[in-house]
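Accompanying notes for the structure given below.
Chains as they are written, first to last, in our numbering: chain A, 1 to 257; chain B, 1001 to 1014.
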């Protein structure tokens, strides 16, 4: 028996919004530790890794490890039927071929349930190596989303250049060129507004705007985003989901042939 | 594609 409950459906809606543009379908691996999802996007250039810890749920029970292949378009249709404040419970029997989403209104007067067919998906089991990154930047998630949106008007790629002074985002194309520099903040009242840089050595890497923009769909989940970069290895864009887990996106840098 | 190759090399198949 698997059962996981969150007191507000809005969290699950935001998680789904953060992955559904990159993945058509995905396997949710459930264990007593929580829910894990790991999948390459359709074009095999980026990887999504989602962790929702069991202790972050309002109720969590998973008697036996369970892999649930879900069509994210169908899941999205179902979650649209929930109000943000509804309690959401996901339930499945062991070896089931369906999962049930149950939504309950705050006053307990409306209860709805939606059963969705599960899919058998070919899963790639990929290992994520431990990596010491040359630069780790933490910055407001909204600011990062804004920068990616603004720069994608100028070119298909963004160059991220990080030194101990700050981080620079650049793009160029037919219109002209654009540069946005962020300095490390010296002092801020609110931690979520800080820009911090941990640098071992400077890096300058180029990434596809299209993917960075897709990653910023996770912005509503977190105040801050963390960018971890080293030469010739995938960038990690991490959003921490308060008290519940995290979502990490990996994207290979573009390399001149 | 080079990007796909980088991803493949980095995430070792288990």
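Even glycine gets a Cβ: it sits at the ideal position worked out from N, Cα and C.
Mind listing the chain B neighbours of residue 129(A)? Cutoff is C-beta to C-beta under 9 Å, in chain order. Start at 1 with the first residue of the first chain, and residue 129(A) comes out as number 129. Here the neighbours are 1010, 1011 and 1012.
Starting from residue 15(A) and walking both ways along the alpha helix (DSSP H), at which residues does that stretch end? Along the first chain, one-based indexing puts residue 15(A) at 15. 9-19 is the extent of the alpha helix (DSSP H) around residue 15(A).
Going along the chain, which unbroken runs of the alpha helix (DSSP H) with 4 or more residues stay wholly within the segment 175-252 of chain A? 209-215
Return the chain-ordered ranges of every beta strand (DSSP E) run that is complete within the segment 109-162 of chain A and spans a minimum of 3 residues. 111-117, 135-140 and 157-162
Locate the beta strand (DSSP E) running through residue 34(A), then write down its first and last residues. Numbered from 1 along the first chain, position 34 holds the residue referred to as residue 34(A). Residues 34-40.
In whole angstroms, what is the alpha-carbon distance linking residue 1005(B) and residue 83(A)? Looking up residue 1005(B) in the second chain gives position 5. Looking up residue 83(A) in the first chain gives position 83. If I take the Cα positions, the gap works out to 42 Å.
CA-to-CA distance, residue 161(A) to residue 169(A), given in whole angstroms: Translated into the one-based positions of the first chain, residue 169(A) becomes position 169. Translated into the one-based positions of the first chain, residue 161(A) becomes position 161. Residue 169(A) and residue 161(A): Cα-Cα distance of roughly 6 Å.
Can you find the residues in the same chain that come closer than 6 Å, C-beta to C-beta, to residue 199(A), ignoring five residues on each side of it along the sequence? Taking the first residue of the first chain as position 1, residue 199(A) is located at position 199. Excluding residues within five positions, the ones whose Cβ falls inside 6 Å are 135 and 164.
Residue closest to residue 191(A), alpha-carbon to alpha-carbon, out of 201(A), 138(A) and 174(A): As a position in the first chain, residue 191(A) is number 191, starting the count at 1. Ranking the options by Cα distance to residue 191(A), first place goes to 138(A).
Ends of the alpha helix (DSSP H) at residue 73(A)? The sequence position of residue 73(A) within the first chain is 73, counting from 1. It spans 72-79 - the alpha helix (DSSP H) in which residue 73(A) sits, taken as one unbroken run.
Which word fits residue 129(A), buried or exposed, when buried means at least 16 other C-beta atoms lie within 10 angstroms of its C-beta? Position 129 of the first chain, counted from the first residue, corresponds to residue 129(A). It counts as exposed.
Inspect the CB distances between the segment 102-114 of chain A and the segment 24-33 of chain A and report whether three or more fall short of 8 Å. no
Can you give me the start and stop residues for the alpha helix (DSSP H) that residue 1008(B) sits inside? Here residue 1008(B) refers to the residue found at position 8 when the second chain is read from its first residue. Its alpha helix (DSSP H) spans residues 1002-1010.
Could you spell out where the beta strand (DSSP E) holding residue 29(A) opens and where it closes? Counting from one through the first chain, the residue named residue 29(A) turns up at place 29. Start and end: 25-31.
Rounded to whole angstroms, what is the Cα-Cα separation between residue 144(A) and residue 240(A)? To locate residue 144(A), count along the first chain from 1; it is residue 144. To locate residue 240(A), count along the first chain from 1; it is residue 240. Rounded to whole angstroms, residue 144(A) to residue 240(A) spans 15 Å at the Cα level.
So the candidates are 215(A), 197(A), 123(A) and 187(A); which of them puts its Cα closest to the Cα of residue 181(A)? Taking the first residue of the first chain as position 1, residue 181(A) is located at position 181. Nearest C-alpha to residue 181(A): 197(A).
Residue 52(A) bridges to which residues according to DSSP? Stepping through the first chain from its first residue, residue 52(A) is reached at position 52. Partner(s): 35(A) and 245(A).
Give me the residue from 6(A), 2(A) and 230(A) with the minimum Cα distance to residue 258(A). There is simply no residue 258(A) to check, as chain A begins at 1 and stops at 257 in what is shown.
With a cut-off of 8 Å on the beta carbons, I'd call residue 267(A) and residue 141(A) a contact; round off their distance for me. In the structure as shown, chain A starts at 1 and stops at 257, and residue 267(A) therefore has no counterpart that could be examined.
I need the straight-line Cα distance from residue 230(A) to residue 118(A), nearest angstrom please. Translated into positions along the first chain, residue 230(A) becomes position 230. Translated into positions along the first chain, residue 118(A) becomes position 118. Going from the Cα of residue 230(A) to the Cα of residue 118(A) covers about 38 Å.
Whole-angstrom distance between residue 5(A) and residue 93(A), CA atom to CA atom: By 1-based counting over the first chain, the position of residue 93(A) is 93. By 1-based counting over the first chain, the position of residue 5(A) is 5. Looking at the two C-alpha atoms, the distance is approximately 15 Å.
Who are the Cβ neighbours of residue 228(A) in its own chain at under 6 Å, not counting the five residues just before and after it? Counting from 1 along the first chain, the entry for residue 228(A) is found at position 228. Excluding sequence neighbours, residue 228(A) sits near 133, 136 and 236.
According to DSSP, residue 69(A) sits in a beta bridge with which residue or residues? The residue labelled residue 69(A) in the question sits at position 69 within the first chain. Paired residues: 27(A) and 119(A).
Report yes if the C-beta distance between residue 184(A) and residue 175(A) is below 7 Å; otherwise report no. In the first chain, residue 184(A) corresponds to position 184, counting from 1. In the first chain, residue 175(A) corresponds to position 175, counting from 1. No, these two residues do not count as a Cβ contact at 7 Å.
CB residue 34(A) to CB residue 52(A), shorter than 7 Å? The residue labelled residue 34(A) in the question sits at position 34 within the first chain. The residue labelled residue 52(A) in the question sits at position 52 within the first chain. Yes; because the gap between Cβ atoms is below 7 Å, this pair is in contact.
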